[in-house]
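The structure under discussion appears below in the form of structure tokens.
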Amino acid sequence: MGDFVLKVNGARLPVSASPEETLLSVLRNRLDLTGTKYGCGEGQCGACTVLLDGRATRSCLVSVESAAKAKIVTIEGLEQNGKLSTVQQAFLDESAFQCGYCTSGMILGATSLLQERHNPTEEQIVEAMEGHICRCGTYPRIIEAVKRASRLLAQGASR
Amino acid sequence: MNHRDEPITESVQGSLTTRQGGSEMGRRDFLKVLGGGLLVCLAHTSSWAQESGRGFGGHEPSNDLSSWLHIAADGRVKVFTGKVEVGQNIRTSLAQLVAEELRVPFDAITMVMGDTDLTPWDMGTFGSRTTPTMGPQLRTMAAAARQMLLEIAAQRWHMAPAGLTAAGGKVTDPQNTRSLTYGELSRGEKLLKTVSSEQRLTPAPEWKIAGTAVPKAEGRDLVTGKHKYPSDITRPEMMFGAVLRPDGFNATLVSLNTGAAEKLPGIKVVRDGDFIGLVAPDAFAAQRALAAIEAKWNVPAQPSNQGLFAYLKNNPEGGREDGPQYVSGSVGPALAGVALKLEEQYAVAYIAHAPLEPRASVAEWIDGKLTVWTGTQRPFGVRDELMQAFHLSPAEVRVIQPDMGSGYGGKHTGEAAIEAARLAKAVGKPVKVVWTRSEEFTWAYLRPAGLIEIKAGAQRDGTLVAWEHHNYNSGPAAIGTPYSVANQLIQYHAAKSPLRQGSYRGLASTANHFARESHMDGMAHATGIDPLEFRLKNLTDARLRAVFQAAAEKFGWGRLKSTPERGFGIAGGVDKGGYVATCAEVEIDTASKRVRIRRIVQAWECGAIVNPDGLRNQLAGAIVQGIGGALFERILFADGRILNPHFAQYRVPRFSDTPQIEVVLIDRTDLPSAGAGETGLVGLAPAVGNAIFAASGIRLRNMPMAPRSGVPGEPDPGLRS
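Going line by line, the protein sequences match chains A and B. First residue of the first sequence? That's 3 in the working numbering, and the numbers climb one at a time after it. First residue of the second sequence? That's 11 in the working numbering, and the numbers climb one at a time after it.
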């Protein structure tokens, strides 16, 4: 076991864990940040996506030891003072979910994409989100939600 | 799913036929917990209608109660139902129906669902049954509650109830504009009423809340990550469990060494007969300890994909067959004299539900009472499994189903619940068990594989005269043809499945529609008649004709001419009260043989629409999910092992597979609402297959039709997805 201090959603959270334990496992099982989901543990589904230094990252493929060096943002960190982030609001407005289990990962994947490309084409959205599975098949609405968020950001909404 | 009709796993079947114990909390207890107010119960039989008015005497008819509705002193309405929310939006659409009949704002309703201590017994959430059965039950209760509130107000005001109106959560006297809120009316009351199913319900054309696109009630908690799914539940002092899986199906244990695992800190190995599991202080330690267990297994030789369909045909289940589902006229002589005959075999592979949230449970024992939080479509069924496994009474087990990461028919059973309960009992602390993806692919159950043989005949003018349809193993759902055919022999043949199989969204409706609608397309081409025209020529069902015509019109059917690079196909059918017609446009790269679905137009009708936005979401989702089974999803197996138990090897539909989707809804407010979770899936595969044929002249008769690599034992389709 090792002692780490994780920078999560603007807070410094001390945690004891094996250095090779995944960030996903530490977030969910030691810090009770369960908005980040387990879907496959192999980087194939995107349900566990978080932001590491602003970039979408599969938390099931990152050890807690390496994650301790980065600024981590999980789904719980997007809402500010009761106000949803632009991407969260866009997903809500488009009802871009069914069971919602993939939604956290989708929102963080889209947040990362929109930081890199303010106005992605549909092809670029598909390419960036291809690693995320929505087993309920809500892809068309998710694409619409990403486009909506892109429009809102262009109009000056905060990220 | 109708359990009498369908091939389901032994464990599912066993639990479906067990006793129907009701909720363990009596109605009087309820009013204590809820703090008075108005509690309405719905009886299944009209005999309970005699027991009405204030209080109730004698009977304790909890077994016959199907739903409860409570109005508290603050005007909040709680509705109790054993149905569960799995992404199909039923939490929202049921609340809309209650709000409509009760005349309260949508926000006044809280749905309490899938908790065996709080909700009346329910068989489960499957078969598209919630909307057509639970919907009217809750509407009936709400209408009765509204009537009671009118009567209470009339008593307070010393007048007849007839002149009063109920709206917006208030009863109003229009004569002198006084009004009382429902909260004011129920305050201080301890009212119990059991009502019959004889209430006048608001007709759909008059709906103001039902029938509208109310946003998903729990949407905000989904985008913030606040919603607690079954795998997110934690309890004080909770430990983490893991279960040792055999090397293959039907394996026997040869040797076991748990020494290394038990030396790891905090690990307790639990052995109980064939069950070998362990408990650890954290999830990481549990998986590490599991990997440290040395076990040798003997796995017997077993069937594989190679020769599967011949195996299913040659290995009937049980002895006597039940006989044909449909028989009329005489197929043999009719075929002998007919101008056009077509005889083909179709096949569907085993596929996995692969819900993104795998099986998960938290179990806790307190003073001999077991409480389990788990993801299941059948909380009362899982309660029965737990009662059986641990020899408990209904009062000693509570199953709670938090809205889960879906199921698609794949979570009828309680494996993880029993595992967590067993481990929790052994260590005396709450234990969480979450299956890995590979466990979910391997140890859950699958959509049945099947072989379908069809022999059909038509006159030269396109009139169908004979239809013979045999389904081996995949199932009898929607096996009957909706087309008018004088001579029919249609039969389902149960087979010994080499793999564990069970329910799946739409059941065999997908396989039977794939075979029937592919065959209809083949017959149309053989007669030289346009595929849509050929269908309509043999179809009298006005509702099915209407969706065919609506889909075709929106799609531009008839104006579009297939080329080798671009094909157009149509298919449709009816099942579980839902009418569907699907038009597909596919693109084929003639050099690489790659198939892509470019556009889907689907017309749908299921009576009066409760929530058009939720319905569109369900239908688009069904189309996307259907693409997997149509083109590339399949379980590969050999000698008792699943060979592709990972998303890297088992391909599911992704963003890039998604075509342009247009859904046409026909809202029949003159007809009762049917469910819409399943039948939206069944038109996709045959429409795509028919489009591929129109472009290429290649008739693909195996689902999946275009896997990236060939399925062992099946003809190579020559096309790739």
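Glycine included, C-beta positions come from ideal geometry on N, C-alpha and C. Note that the coordinates shown come from a computational prediction; the quantities given were computed from them, not determined experimentally.
Backbone CA spacing between residue i and residue j [nearest angstrom]
| i | j | result |
| --- | --- | --- |
| A/GLN132 | B/ARG664 | The residue you asked about is not Gln; residue 132 of chain A is Glu in the sequence shown. Distance between the alpha carbons of A/GLU132 and B/ARG664 is about 6 Å. |
| B/PHE524 | B/ILE607 | 16 Å |
| A/GLU81 | A/GLU96 | 18 Å |
| B/GLU216 | B/LEU366 | 39 Å |
| B/LEU151 | B/ALA227 | In the sequence under discussion, the amino acid at residue 151 of chain B is Met, which differs from the Leu named in the question. Going by the C-alpha atoms only, they are around 21 Å apart. |
| B/LYS547 | B/GLY472 | 7 Å |
| B/LEU322 | B/TRP477 | 22 Å |
| A/GLY84 | B/ARG230 | 11 Å |
| A/LEU155 | A/LEU94 | 16 Å |
| B/VAL358 | B/ASN522 | 10 Å |
| A/CYS42 | B/ASN324 | 37 Å |
| B/THR222 | B/ARG113 | 15 Å |
| B/ILE219 | B/THR120 | 15 Å |
| B/VAL96 | B/THR386 | 9 Å |
| B/THR491 | B/ARG526 | 8 Å |
| B/LEU396 | B/PRO440 | 16 Å |
| A/ARG57 | A/LEU110 | 9 Å |
| B/ALA618 | B/ALA561 | 19 Å |
| B/GLU111 | B/ASP183 | 19 Å |
| B/PHE259 | B/ARG457 | 17 Å |
Close-in-space but distant-in-sequence residues of the same chain around residue i (CB under 8 Å, 5 per side omitted)
| i | result |
| --- | --- |
| B/ARG718 | PHE642, ARG661, ARG730, SER731 |
| A/VAL148 | VAL89, ALA92, ALA112, LEU115, LEU116, PRO122, ILE127, MET131 |
| B/ASN99 | LYS226, ASN621, GLY624, ASN627, GLN628 |
Sequence-distant residues of the same chain with beta carbon closer than 6 Å to residue i, five excluded per side
| i | result |
| --- | --- |
| B/ALA701 | GLY577, PHE578, GLY579, ALA594, VAL596 |
| B/PRO171 | LEU160, GLU161, ALA164 |
| A/CYS138 | GLN100, CYS101 |
| B/PRO256 | TRP307 |
| B/HIS480 | GLU463, GLN501 |
| A/PHE6 | VAL17, VAL66, ALA70 |
| B/GLY347 | none |
| B/THR141 | SER683, GLY685 |
| B/GLY317 | GLY723 |
Residues near residue i in its chain [Cβ-Cβ closer than 7 Å; skip 5 each side]
| i | result |
| --- | --- |
| A/ASP34 | none |
| A/GLY45 | ARG60, CYS62, LEU63 |
| B/PHE647 | SER314, ASN315, LEU509, LEU653 |
| B/ASP292 | PHE250 |
| B/ASP726 | GLY720 |
| B/ILE637 | ILE607, PRO663, ASP667, LEU694 |
| B/GLU272 | VAL279 |
| B/GLU374 | ARG245, THR381, ALA434, PRO440 |
| B/PHE400 | LEU380, ALA431 |
According to DSSP, residues forming a beta bridge with residue i
| i | result |
| --- | --- |
| B/VAL409 | B/VAL382 |
| B/MET713 | B/VAL358 |
| B/PHE647 | B/ILE652 |
| A/THR76 | In DSSP, A/THR76 forms no bridge with anything. |
| A/ALA58 | A/LEU53 |
| B/SER446 | Per the sequence shown, residue 446 of chain B should be read as Thr rather than Ser. Note: B/THR446 sits in no beta bridge, so no partner. |
| B/CYS51 | B/TRP78, B/THR204 |
| B/TRP375 | B/LEU380 |
| B/MET158 | According to DSSP, B/MET158 bridges with nothing at all. |
| A/PHE6 | A/VAL17 |
| B/PHE90 | B/TRP78, B/VAL122 |
| B/TRP131 | DSSP, once it has assigned bridges, lists no residue as partnering B/TRP131. |
* Residues of the segment 223-246 of chain B with Cβ closer than 9 Å to any Cβ of chain A, in chain order -> Residues of the segment 223-246 of chain B with a C-beta atom less than 9 Å from some C-beta of chain A are ALA223, PRO225, LYS226, GLU228, GLY229, ARG230, ASP231, LEU232, VAL233, THR234, GLY235, LYS236, HIS237, LYS238, TYR239, SER241, ASP242, ILE243, THR244, listed in chain order.
* Asked: Which residues, in chain order, does the segment 77-98 of chain A contribute to contact with chain B at a C-beta distance below 7 Å?
  -> Of all residues in the segment 77-98 of chain A, ILE77, GLU78, GLU81, LEU86, GLN90, PHE93, LEU94, SER97 have a Cβ within less than 7 Å of some Cβ in chain B.
* Asked: Along the segment 283-297 of chain B, what residues have a CB closer than 7 Å to any CB found in chain A?
  -> Against chain A - using a Cβ distance shorter than 7 Å - the residues of the segment 283-297 of chain B are ASP292, ALA293, PHE294.
* Ignoring anything shorter than 3 residues or poking outside the segment 216-298 of chain B, list the beta strand (DSSP E) runs there in chain order. => Within the segment 216-298 of chain B, the complete beta strand (DSSP E) runs of at least 3 residues fall at 249-253, 262-267, 278-282, 285-290.
* Asked: When Cβ atoms are compared, which residues of the segment 640-667 of chain B fall closer than 9 Å to chain A?
  -> Hits within the stretch, in order: HIS656, PHE657, ALA658, VAL662, PRO663, ARG664, PHE665, SER666, ASP667.
* Given a limit of 8 Å on CB to CB distance, which residues of the segment 411-436 of chain B reach chain A? -> Going along the segment 411-436 of chain B in chain order, one finds ASP413, MET414, GLY415, SER416, TYR418 with a Cβ nearer than 8 Å to chain A.
* To do: Scan the segment 360-376 of chain B for residues whose Cβ lies nearer than 7 Å to a Cβ of chain A and list them as they occur along the chain.
  => Within the segment 360-376 of chain B, the qualifying residues are ALA364, PRO365, LEU366, GLU367.
* **Whole runs of the alpha helix (DSSP H) within the segment 551-637 of chain B, excluding any shorter than 4 residues** => Within the segment 551-637 of chain B, the complete alpha helix (DSSP H) runs of at least 4 residues are 552-565, 622-637.
* Against chain B: residues of the segment 6-29 of chain A by CB proximity under 9 Å -> Within the segment 6-29 of chain A, those residues whose Cβ lies closer than 9 Å to any Cβ of chain B are, in chain order, ALA19, SER20, GLU22, GLU23, THR24, SER27, VAL28.
* Listed in chain order, which residues of the segment 39-59 of chain A have Cβ atoms closer than 8 Å to some Cβ of chain B? -> Residues of the segment 39-59 of chain A with a C-beta less than 8 Å from any C-beta of chain B: LYS39, TYR40, GLY41, CYS42, GLY43, GLU44, GLN46, CYS47, ALA49, listed in chain order.
* If you measure beta-carbon to beta-carbon, which residues of the segment 103-123 of chain A are closer than 7 Å to chain B? -> Taking a C-beta cut-off of 7 Å against chain B, the contacting residues of the segment 103-123 of chain A are TYR103, CYS104, THR105, SER106, ILE109, listed in chain order.
* For the segment 619-630 of chain B, which residues have a CB atom closer than 7 Å to at least one CB atom of chain A, in sequence order? -> Within the segment 619-630 of chain B, the qualifying residues are ASP623, ASN627, ALA630.
* Name the residues in the segment 58-72 of chain A whose C-beta lies less than 9 Å from a C-beta of chain B; which are they? -> Hits within the stretch: zero.
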